[in-house]
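Position 146, counted from 1, in the sequence shown is what this note's numbering calls 148; the numbers after and before it change by one each time, with no gaps.
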Amino acid sequence: MDTMDDNMTWKARWIWTGEEESPRNEWRCFRKQFRYADECASRQARIRITADSRYVLYVNGTLIGRGPVRSWPFELPYDEFEIGHLLTAGEDNTIAVMVMHYGAPTFQYLRGRGGLLAQVESACGDRWEVIAATDSSWATAVHAGYDNRSSRISCQLPFTEVIDSRLWDEAWTRNGSAGAGWGRATEIGEVGMEPWTKLVPRDIPALTEELVYPVRVESLSRVTPRSWGVVLDLRNHFVPGSEYHANNIRLYGYLTTVIRAYGPARATIGIVDGGRLSGPLSLNGAWFDENREYGDKPERYLDVELAEGDNLLMVEVRGVTHGHGFHFGIDCKEAFEVVSPLYNGEGSGCGTPFATLGPFDAIELIDHQPEPSFQDNHPDYLRAKRIAVPADLDEFASWLKPVDPRHVSRDDVFSRCVWKRQSQPLPIPYALQTAVIANDAAAVVPVYPGEDTELVIDFGKEYSGYLSFEAEASDGTIIDFYGLEYMRDGWKQITYGLDNTLRYVCREGRQSYTSPVRRGFRYVMVVVRNADRPLKLHRVTVLQSNYAVAEIGRFRCSDPLLNDVWEISKHTTRLCMEDTFVDCPAFEQAFWVGDARNEALVNYYVFGDDAIVKRCLRLVPGSKFQSPLYSDQVPSGWSSVIPNWTFFWAIACLELYRFSGDRQFAEQIWPHVSYTLDHYMQKLDENGLLNMKGWNLLDWAPIEQPNDGIVTHQNLFFVQALRSAAFLADEFEPECSERYAASADRLQLAINTFLWSEENQAYVDCIHSNGTISRSFSMQTQVVAYLCNIADGERLQRLESYIVSPPRHFVQIGSAFMSFFYHESLAKLGRFDIMLDDIRARYGEMLEYDATTCWEMYPNPPENRTHPNMLTRSHCHAWSAGPGYFLGAFVLGVRGMDAGWSKVAIEPQIADLTWARGTVPLPGRGRIDVSWRADRPGGKLYIRIEAPADLELSIEPPAGLEAVVERIVLG
3 MDTMDDNMTW KARWIWTGEE ESPRNEWRCF RKQFRYADEC ASRQARIRIT ADSRYVLYVN
63 GTLIGRGPVR SWPFELPYDE FEIGHLLTAG EDNTIAVMVM HYGAPTFQYL RGRGGLLAQV
123 ESACGDRWEV IAATDSSWAT AVHAGYDNRS SRISCQLPFT EVIDSRLWDE AWTRNGSAGA
183 GWGRATEIGE VGMEPWTKLV PRDIPALTEE LVYPVRVESL SRVTPRSWGV VLDLRNHFVP
243 GSEYHANNIR LYGYLTTVIR AYGPARATIG IVDGGRLSGP LSLNGAWFDE NREYGDKPER
303 YLDVELAEGD NLLMVEVRGV THGHGFHFGI DCKEAFEVVS PLYNGEGSGC GTPFATLGPF
363 DAIELIDHQP EPSFQDNHPD YLRAKRIAVP ADLDEFASWL KPVDPRHVSR DDVFSRCVWK
423 RQSQPLPIPY ALQTAVIAND AAAVVPVYPG EDTELVIDFG KEYSGYLSFE AEASDGTIID
483 FYGLEYMRDG WKQITYGLDN TLRYVCREGR QSYTSPVRRG FRYVMVVVRN ADRPLKLHRV
543 TVLQSNYAVA EIGRFRCSDP LLNDVWEISK HTTRLCMEDT FVDCPAFEQA FWVGDARNEA
603 LVNYYVFGDD AIVKRCLRLV PGSKFQSPLY SDQVPSGWSS VIPNWTFFWA IACLELYRFS
663 GDRQFAEQIW PHVSYTLDHY MQKLDENGLL NMKGWNLLDW APIEQPNDGI VTHQNLFFVQ
723 ALRSAAFLAD EFEPECSERY AASADRLQLA INTFLWSEEN QAYVDCIHSN GTISRSFSMQ
783 TQVVAYLCNI ADGERLQRLE SYIVSPPRHF VQIGSAFMSF FYHESLAKLG RFDIMLDDIR
843 ARYGEMLEYD ATTCWEMYPN PPENRTHPNM LTRSHCHAWS AGPGYFLGAF VLGVRGMDAG
903 WSKVAIEPQI ADLTWARGTV PLPGRGRIDV SWRADRPGGK LYIRIEAPAD LELSIEPPAG
963 LEAVVERIVL G
């Protein structure tokens, strides 16, 4: 049995109940009432708790916390909360917990089973005793208000929220009776049971929850949505075993349904987002040319003529999918029904109006493993194209399967918000702005007979957290919420691949609700439906939630544009610090291992925290059961390897040690670094080059980086990772240090022997698995070669010339992530003028388009966009926040010179600036404030430094300027 500190052992038992161990999308509530005597004036009380998948904890009606943090199931964290101030001795006290069990893997969760473990302890002095613990005496019930058929938010995330407040007593978290429908929990095991074989204390502080109000109502419209729509989970339906992993599935088959028209009618078939599955449609056996479809991709619309009676619709579904939702709908002004093609006059017997043919083949794709064979164009698939009426399906009975209700939503909130038959913009009454003001007054939202009312509310900048609102409404009023990241001139960027919605069905009267589901957005669309009187909207807010850090870092300079760039870099990084670093707060919320290396460097200069970095680095080796090469996002149900991401992880381990000076961490992480690099060395071919299958990615650009073969940038970063390993091991395992240094030298020699093109005077991008050499040359490869110290002599000079003046025929840098390495190379070269100009140009474009956070990608040329305003996918991506690091490290010039930063260099790189000032956090010991002003005519650089007395400084002004230093000593 696992033990805890403070002389306490787990007496709690894991509890759950129900027919399934791991039910899909179940919102289950637990509660326990207890009394305890308090004979000690200084008595303390705490609760230790964890759950699968996530929980929200209440004590006597007060929300206390959420958890657990993302983790591997075999090393599950528990949380501890002080609750003594909320308990009343000698009276009833209630612990209430809502557990959200996903029943599906995500990019931050591996499917386990439903479970809750909690223990309330009390102490007078040093001895703790258990006063309540999970066991069969706890009451439990499925939360009847939440719809367990709601759709997935995305393949990376769990489920959207559809809640009917009329179906559940919100007083269940408080003392007293919880009402009908509750039963006793079932004890399912003791601490240490599978899959949670080890419990560990949470290793980071609780995340913040800061109330933020919007800034204005952006728009008001009268809207009429499409008639009917649902979301289907076709991946889990077609391939039942796929609900145990999040890997890609390649499949093909047909989706069928019957549209029953009560007279001839014109209708529109819409696939608002096909979830990466696409194919033509047929109606009553007539297949439509895809050229007849219209809509901005990926939206697909087709106008059809329905005959009176039953019309058989078939949709070919083909592609590779992680589990994105298939958003399907119909719009028709005339009455119609959607019924199962298996309908026999007495009901379909399956509960949904859909059946499928196939899959005619389906394979699981794991990028670092050989791809299974795939039978395309099965004869039965080809014959099925002749199907014209439901009776024809009988011939394919062995392929025919009804779609289970679990895999079909009851409605599609996303398409209701996106696909509108009509939308009439209206002027915004001044009184409606009351909805965004932080007082108790209410905005009256007008109601339009036969139509819905749509507001778009602007929070002023992107946020990430828990949406909350308060309203007074009539019974049955529906409020749909949809979070967006970007709008311009009335155009809304739809979040395809992200169902960022919430539906709330109101009870009569005034009510409030706070979502337990994390979302990222700047704008919130609020659509009021089914209201028989105007809605009074008292507030719409967000509880901004992020990793708990103070904003220690500062930066200001003589260029206002750079100041704005630093601010959006800081805000982006803050939003992308949750219980790990994440790529973005909206689409994925995933800990991408490679992204986190750059995010960690920005964090050091803006926030100065190392605990989140250690947590991230420690999580990565847990993926070795998926691959000894380590996964690129963890902990995840998707087994995927981007070799560069593992190399960045190894490099980040050294950088963490250099920042924190934590030798114990370095010794603990070292065996894991050694383990994976040794496995990568097994992938070297006869020429000594890394030659492997994987997701061989570096940049979103048309660079040749095949998923099988020799990818040059990968070999280059492998050299850097080996050298980082050598440095990391140098102090405590010198023999290993020498071995890795020698391996790096051999790989460097192989790169220079086989991957340099004398004809083109550049490193090639790759050698394909068939032996052909890439025809393109890229800036990405040349930048990385320079950064990793691969070339010398004339080759080095050639690389330096490319970095200063990129050849136009080279593939250019495509993302701010790749720009991080480019800016590192410019800093190494001493060309800070080019670095600042590039930051101004790249990030200045973002600011021109009202960015409040850094974009994932640089915009495509207008001719290559699906819409002129479609500038990037994610509008908040921390891999792009590099200026937060570079402006502090080089313009302020503050860099650590040893592990733990007991010695710090102050080397301002002033470029064309006249002054700068700011703050850089010191690891675990305060901060250093630096300001400088250049007197170019006088040849002086006036520097003011405020720092701890024991901090050793090395001050070096730019060439041609004399430093005049004022040092303020602290302590």
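We put the beta carbon where it would ideally sit given N, CA and C, even for glycine.
Since we're looking at a predicted model, the values are computed, not measured.
Residue environment, Val-971, which counts as buried when at least 16 other CB atoms sit within 10 Å: exposed
Residues near Gly-349 in its chain [Cβ-Cβ closer than 8 Å; skip 5 each side]: Reliability of the predicted coordinates at Gly-349 is poor, the pLDDT of 44 falling under 50, and the value obtained from them is presented with this limitation in mind. Closer than 8 Å at Cβ, skipping near neighbours: no residue.
Among Thr-503, Val-713 and Ala-98, nearest to Asn-62 - alpha-carbon criterion: Ala-98
Between the CA atoms of Gln-495 and Pro-959 - distance to the nearest angstrom: 47 Å
For Pro-427 and Ser-223, believed in contact at Cβ under 8 Å, the rounded distance: 5 Å
Outcome for Met-527 when other beta-carbon atoms lying within 10 angstroms are tallied against a minimum of 16: buried
Where Ile-85 falls: helix, strand or coil (DSSP): coil
Of the listed residues Ala-386, Thr-854, Thr-323 and Ile-190, nearest to Phe-523 (C-alpha basis): Thr-854
Burial state of Leu-213, where buried means 16 or more other Cβ atoms lie within 10 Å: exposed
Asp-680 (DSSP reduced to helix, strand or coil): helix
Local conformation of Leu-730 per DSSP, three classes: helix
Counted within 10 angstroms of its Cβ, other Cβ atoms place Cys-586 as buried (16 or more) or exposed: buried
As assigned by DSSP and simplified to three states, the class of Val-786: helix
Residue ranges of each beta strand (DSSP E) within the region 75 to 135, 3 or longer: 78 to 84, 95 to 103, 117 to 126 and 129 to 135
Local Cβ density within 10 Å of Lys-905, reported as buried at 16 or more and exposed below that: exposed
Gly-610 burial status per 10 Å Cβ neighbour count (16 or more: buried): buried
Ile-215, enclosing beta strand (DSSP E) - first and last residue: The sequence as given places Tyr at residue 215; Ile does not occur at that position. Tyr-215 -> no beta strand (DSSP E), and no H or E assigned at all.
C-beta contact flag for Val-274 and Phe-416 at 8 Å: yes
Close beta carbons around Gly-353, own chain, < 6 Å, minus the five adjacent residues each side: Pro-407
Rounded straight-line distance, which links the Cα of Ala-309 to that of Ala-357: 21 Å
Element boundaries [alpha helix (DSSP H), containing Trp-934]: Note, Trp-934: premise wrong, no alpha helix (DSSP H); beta strand (DSSP E) at 929 to 937.
Assigned secondary structure, Val-519 (DSSP; H/G/I helix, E/B strand, else coil): strand
For Phe-779 and Arg-800, the rounded distance between their alpha carbons: 14 Å
Proximity of Val-438 and Tyr-525 at Cβ, strictly below 8 Å: no
For Asp-312, three-class secondary structure by DSSP: strand
Contacting residues, own chain, Cβ-Cβ under 8 Å from Arg-228 (five flanking each side not counted): Thr-270, Gly-272, Gly-331, Ile-332, Asp-333, Ser-417, Arg-418, Trp-421, Lys-422 and Arg-423
8 Å Cβ cutoff met for Ala-723 and Ser-676: no
Beta-bridge partners of Ala-270, as assigned by DSSP: According to the sequence shown, residue 270 is Thr rather than Ala. Asp-305 and Asp-333, per the DSSP bridge assignment.
Candidates Gly-832, Ile-815, Glu-553 and Lys-830, of which the one nearest Phe-844 by Cα: First, the amino acid is wrong: residue 844 is Arg here, not Phe. Minimum Cα distance to Arg-844 is reached at Ile-815.
Distance, Thr-574 Cα to Cys-878 Cα: 6 Å
Cβ contact check for the region 435 to 450 and the region 533 to 542: 3 or more pairs under 8 Å: yes
Touch test, the region 767 to 778 against the region 740 to 749, Cβ-Cβ under 8 Å, three pairs minimum: no
Contact belief for Ile-712 with Cys-768 at Cβ below 8 Å, rounded distance in angstroms: 6 Å
Minimum C-alpha distance to Ser-139 - residue among Val-101, Glu-189, Val-233 and Ala-125: Glu-189
Anticipated Cβ contact below 8 Å, Leu-395 with Pro-343, distance rounded: 6 Å
Sequence-distant residues of the same chain with beta carbon closer than 6 Å to Val-101, five excluded per side: Arg-30, Ala-53, Tyr-57 and Leu-118
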